[in-house]
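For the working numbering, add 1 to where a residue sits in the sequence shown, where the first one is 1. Glycine included, every Cβ here is placed at the ideal spot set by N, Cα and C. Scroll down for the structure; my scribbles are underneath it.
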Amino acid sequence: MCKFLSLFLIICCYWSCQVQQIGISQKAISSEELLNWKTGATIYTKIKNPSFEDSPAAHSTTPKGWIICNFNAEESPPDIHKSLTGFFDIKHLATEGDQFLGLVARDNGTKEHVGQALPKKMVEGKNYAFSVDLAHSKRLRSLTRKTRKHVLFDKPLILKIWGGRNVCSWKQLLFVSEPVNHTDWKTYLVEFKAERPFDTITFQVVFDEADHDNFYNGNILIDNVSPIYRTKKRTQ
Ligand SMILES: [Ca+2]
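Next up, the structure:
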């Protein structure tokens with residue numbers, strides 16, 4: 002009995018720690034919650050080109066300040082959309098400035114992700130937070146190499162955000178979104194405690210394995226990443 006209870010407590014503790022550390026399936030926050038969170042918070046550092054501006058808005062183009070991770074030469078790079086430009090039939094407006102980023106995952110299993118070096122290193126044991134706007138397009142239509150036909154990339158994906166020591170290295174999972182299935186923009190809060198020092202960040206889209214057995218074509222739109230704030234404790 003004693004052994005059973007000990008094992009139970011260990012499992013509970015492990016699960017609780019995992020949830021706290023990686024922020025499983027974090028949901029969008031309201032504008033009021035965002036305002037409350039920012040009140041009194043201090044900026045620690047800023048992400049380069051957080052609005053995905055100052056780049057030529059074009060498909061298959063990486064935003065300035067960002068690097069393509071795990072680039073597959075047979076697949077195109079991420080896309081920089083401009084408000085109402087209509088690349089791949091996307092008709093969204095940027096939430097900040099005039100451009101935003103689009104990441105896709107494909108039915109051949111490939112997934113797009115971008116990363117960058119941060120201006121300042123995250124300090125082990127300290128709490129940080131930033132916000133990011135996410136949306137999904139039901140209209141995105143593109144070529145799939147699997148069938149060599151133009152098809153809809155209209156299924157929801159999940160965004161993971163990683164911290165690392167080299168650009169595109171994945172040492173600490175900072176954030177896992179819920180499946181982003183909303184076409185309107187929503188703001189998500191990314192809260193984390195640095196488990197060890199790190200100074201790079203990576204945005205990666207992944208498949209929603211809970212709802213889909215196989216690889217599929219999907220997209221997430223990203224804009225308006227806030228500065229990274231030093232916080233005293235988590236709010237979620
Ligand atoms: Ca923007």
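C-beta contact flag for V206 and I223 at 7 Å: Taking the sequence shown and counting its residues from 1, the one referred to as residue 206 is at position 205. Taking the sequence shown and counting its residues from 1, the one referred to as residue 223 is at position 222. Taking 7 Å as the Cβ cut-off, V206 and I223 do not qualify as a contacting pair.
Heavy atom of ligand 1 within 6 Å of F204 beta-carbon: In the sequence shown, counting from the first residue as 1, residue 204 sits at position 203. No, ligand 1 has no heavy atom inside 6 Å of this Cβ.
Buried/exposed call for K156, threshold 16 Cβ in 10 Å: Here residue 156 refers to the residue found at position 155 when the sequence shown is read from its first residue. The residue in question, K156, is buried, as its Cβ has 16 or more Cβ neighbours within 10 Å.
According to DSSP, residues forming a beta bridge with W163: Here residue 163 corresponds to residue number 162 of the sequence shown, with the count starting at 1. Answer is L174 and T203.
CB contact flag (Q117, W67, <7 Å): The sequence position of residue 117 within the sequence shown is 116, counting from 1. The sequence position of residue 67 within the sequence shown is 66, counting from 1. In contact: Q117 and W67 (Cβ atoms closer than 7 Å).
C-beta contact flag for N128 and T232 at 7 Å: In the sequence shown, the residue the question calls residue 128 occupies position 127. In the sequence shown, the residue the question calls residue 232 occupies position 231. Cβ atoms of N128 and T232: closer than 7 Å.
Whole-angstrom distance between F204 and V115, CA atom to CA atom: Here residue 115 refers to the residue found at position 114 when the sequence shown is read from its first residue. Here residue 204 refers to the residue found at position 203 when the sequence shown is read from its first residue. One alpha carbon belongs to V115, the other to F204, and they sit about 5 Å apart.
Spatial neighbours of A95 in its chain, beta-carbon cut-off 7 Å, leaving aside the 5 residues before and after: Walking along the sequence shown from the start, residue 95 turns up at place 94. If we look at A95 and ignore the five residues flanking it on each side, its Cβ neighbours are S84, F101 and D224.
Under the three-state DSSP convention, the category K127 falls into: For this step, residue 127 is matched to residue 126 along the sequence shown. Looking at K127 - three-state DSSP - the assignment turns out to be coil, as it is neither helix nor strand.
Beta-carbon gap between H151 and L144 smaller than 7 Å: Position 150 of the sequence shown, counted from the first residue, corresponds to residue 151. Position 143 of the sequence shown, counted from the first residue, corresponds to residue 144. Yes; because the gap between Cβ atoms is below 7 Å, this pair is in contact.
Y230 versus S56 - alpha carbon distance: Here the question's residue 230 lines up with position 229 in the sequence shown. Here the question's residue 56 lines up with position 55 in the sequence shown. Their backbone Cα atoms lie some 26 Å apart in a straight line.
Near ligand 1: Q100 beta-carbon under 6 Å from a heavy atom: As a position in the sequence shown, residue 100 is number 99, starting the count at 1. Because some heavy atom of ligand 1 lies under 6 Å away, the Cβ of Q100 counts as near it: yes.
Any non-hydrogen atom of ligand 1 within 6 Å of L59 CB: As a working mapping, residue 59 is identified with position 58 in the sequence shown. Per the sequence shown, residue 59 should be read as Ala rather than Leu. No, ligand 1 has no heavy atom inside 6 Å of this Cβ.
Separation of V191 from W163, as counted between CA atoms: Here residue 163 refers to the residue found at position 162 of the sequence shown. Here residue 191 refers to the residue found at position 190 of the sequence shown. Cα to Cα, the separation comes out at about 11 Å.
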